[in-house]
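Trainee: First, the structure itself, so that you have it in front of you.
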Amino acid sequence: MEHDARTFVGGALTYWNNQEDHSHTFNFYPEVGRLFNETWGVGVMLGFGKEKESDGTKTTSYKIAPFARYYYVHKGPFNLFMDGGVGYSYRKTSESTEKRNGYEIGVRPGACVDLTEGLCLCLRMGFVGYRNHYTGGEEAEIGNSGWGIRFAPEELMIGLELEF
1 MEHDARTFVG
11 GALTYWNNQE
21 DHSHTFNFYP
31 EVGRLFNETW
41 GVGVMLGFGK
51 EKESDGTKTT
61 SYKIAPFARY
71 YYVHKGPFNL
81 FMDGGVGYSY
91 RKTSESTEKR
101 NGYEIGVRPG
111 ACVDLTEGLC
121 LCLRMGFVGY
131 RNHYTGGEEA
141 EIGNSGWGIR
151 FAPEELMIGL
161 ELEF
């Protein structure tokens with residue numbers, strides 16, 4: 001089956017309210033890209049995050065992560081893919097002079113389910129690679145620098161993609 005080049009736009013939103021320590025976290029990850037055929041595409045994911053802790057500390061973060069996407073399974077409405085790429089992050093905390101730049105290089109496995117023609121529910125389900133002070137879904141005990149394979153709830157992203 002021939003597949004014409006198509007553009008995709010989408011993204012994910014996350015929100016977390018921790019009632020024990022009275023903190024709030026919000027993240028927005030829009031993405032745009034181009035699918036060249038049924039197998040290959042390229043895109044870029046942007047990121048914006050806000051966090052407010054109970055002591056009044058506010059943290060703002062930004063990300064940019066270009067990627068190449070490879071679809072390796074197409075079974076009816078189900079598709080599996082890998083996004084391989086690099087990412088840059090910047091994080092600033094209001095209560096200190098701390099400003100942190102970080103980067104990552106690696107692969108994110110994912111899956112898409114076609115809901116209708118041109119509309120997909122997409123999941124990114126982890127990270128395999130290297131990070132250096134990269135702002136992500138890290139847990140305090142693990143940190144945000146190092147390398148490895150990580151399939152944890154903090155790495156899960158669920159969103160929608162529109163293809164046209």
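FYI, the numbering for the sequence shown is 1 to 164, going by full-length UniProt numbering. Where a beta carbon is used, it is the ideal one built from N, C-alpha and C, also for glycine.
Excluding the 5 residues preceding and the 5 following C112 in the sequence, name in chain order all residues of the same chain whose CB lies nearer than 6 Å to its CB.
Mentor: N79, C120 and C122, listed in sequence order.
Trainee: Shorter than 7 Å, the distance from the beta carbon of Y70 to the closest heavy atom of the ligand MG, or not?
Mentor: Among the ligands in the structure shown, none appear at all, so the ligand MG cannot be discussed.
Trainee: What is the C-beta distance between G11 and E31, in whole angstroms, given that I count them as a contact (C-beta under 8 Å)?
Mentor: At roughly 5 Å, the Cβ-Cβ gap stays under 8 Å, so G11 and E31 are in contact.
Trainee: Buried or exposed for G56, please, with buried defined as at least 16 other CB atoms from any protein chain shown within 10 angstroms of its CB.
Mentor: So G56 ends up on the exposed side.
Trainee: How far does the beta strand (DSSP E) with S23 in it reach, from first residue to last?
Mentor: Unbroken beta strand (DSSP E) run through S23: S23 to L35.
Trainee: Using 8 Å as the cut-off, can you tell me whether the stretch 144-162 makes contact with the stretch 63-77, which would need three or more C-beta pairs spanning the two stretches below that distance?
Mentor: Judged by Cβ distances under 8 Å, the stretch 144-162 makes no contact with the stretch 63-77, as fewer than three pairs qualify.
Trainee: Run through the DSSP bridge pairs and tell me what P109 is partnered with.
Mentor: According to DSSP, P109 bridges with M82.
Trainee: Among L160, G159 and G126, which has the Cα closest to the Cα of W147?
Mentor: Here the closest residue by C-alpha is G126.
Trainee: Among D4, E163 and E53, whose alpha-carbon lies nearest the alpha-carbon of N37?
Mentor: Among D4, E163 and E53, the Cα nearest to that of N37 is on D4.
Trainee: If you draw a straight line from the C-alpha of Y15 to the C-alpha of H74, how long is it?
Mentor: Answer to the nearest angstrom: the Cα atoms are 31 Å apart.
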